[in-house]
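Data block below; observations after.
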Amino acid sequence: KRNVHRARIFLPHLVASMEEVEQTYIMIKPDGVQRGLVGEIISRFERKGFKLTGLKLFQCPKELAEEHYKDLKSKLFFPKLIDYITSGPVVCMAWEGIGVVASARKLIGATNPLNAEPGTIRGDLAVQTGRNVVHGSDSPDNGKREIGLWFEEGELCAWAAVREPWLIE
Ligand code: ADP
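Quick note: the sequence shown uses the UniProt record's numbering, first residue 54, plus one each step.
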């Protein structure tokens with residue numbers, strides 16, 4: 054019994070079934086960086102209990118912004134969106150956890166910050182759709198796709214978080 058307990062403490066990644074664990078791509082957009090909201094935004098995902106597996110400050114080239122938002126290419130606001138995303142450095146993050154994709158979207162709030170609930174990142178910290186401070190993948194498949202787009206393999210870090218047995222039973 055004692056050994057099982059010790060194994061859970063030292064191998065916390067065994068606690069959660071690997072199938073339930075998802076990855077999502079979260080990005081603090083240039084307005085979030087310029088407004089000094091980096092720590093505030095990171096801390097919300099951290100305090101929730103998700104695991105950070107990738108993090109960098111990055112000046113996004115136009116081609117990458119266009120690839121990331123390729124589904125929105127036909128929208129009238131697309132050129133403005135590309136200008137916005139490339140207007141200054143962004144903070145690229147990969148986060149891992151059970152149900153992290155949908156949960157992160159809830160923490161972020163509605164696309165239009167005026168419709169976002171208080172308590173969400175956009176609800177608390179932004180006013181306009183074109184300046185909505187943060188991005189979060191909308192599906193587990195897009196989470197994988199976007200992490201692959203924004204990170205090189207060597208930039209990601211798989212690690213065992215010692216707090217995990219206190220978050221996942
Ligand atoms: P979300 O980021 O909430 O997943 P979308 O995928 O619909 O939202 O749009 C991607 C991003 O494009 C938004 O976060 C926002 O920055 C920008 N955007 C969406 N709609 C508009 C709009 N009508 N005007 C300006 N920018 C927009």
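Ideal placement from N, C-alpha and C gives every residue a C-beta, glycine not left out.
Distance from the CA atom of Arg88 to the CA atom of Cys145, rounded to whole angstroms, is 16 Å. Sequence-distant Cβ neighbours of Ala157 in its own chain, meaning closer than 7 Å and more than five residues away, are Thr77, Ile79, Phe98, Trp148, Gly189. With the rule of 3 Cβ pairs closer than 8 Å, the stretch 104 to 121 counts as touching the stretch 136 to 144. In the DSSP assignment, Ala118 falls outside any beta strand (DSSP E) and lies within the alpha helix (DSSP H) extending over 115 to 121. DSSP places Gly189 inside the beta strand (DSSP E), whose first and last residues are 187 to 189. Non-local beta-carbon contacts of Val91 in its own chain, meaning distances under 8 Å to residues more than five positions away in sequence, involve Ile81, Gly85, Val144 in chain order. Distance between Ala118 and Asn195, taken at the CA atoms: about 15 Å. With respect to the 9 Å criterion, Gly162 and Arg175 are classified as neighbours on the basis of their beta carbons. Thr173 has Pro171 as its beta-bridge partners, per DSSP.
Under DSSP, the beta-bridge partners assigned to Trp148 are Thr77, Leu105.
Sorting Val187, Glu75, Glu73 by C-alpha distance to the C-alpha of Leu134 places Val187 at the top. Here DSSP, grouped into helix, strand and coil, assigns Val180 to coil. Per the C-alpha coordinates, the member of Gly172, Ser192, Lys104 positioned closest to Val154 is Ser192. By the neighbour-count criterion, in which a residue is buried when 16 or more other Cβ atoms sit within 10 angstroms of its Cβ, Trp203 is buried. Per DSSP, reduced to three states, the secondary structure at Leu129 is coil, with no helix or strand assignment.
Secondary structure note for Val153: its alpha helix (DSSP H) is the uninterrupted segment 153 to 161.
Burial is judged here by how many other beta carbons sit within 10 angstroms of a residue's own beta carbon; Asn185 has at least 16 and is buried. Assignment of Val143 by DSSP, reduced to helix, strand and coil, places it in the strand class.
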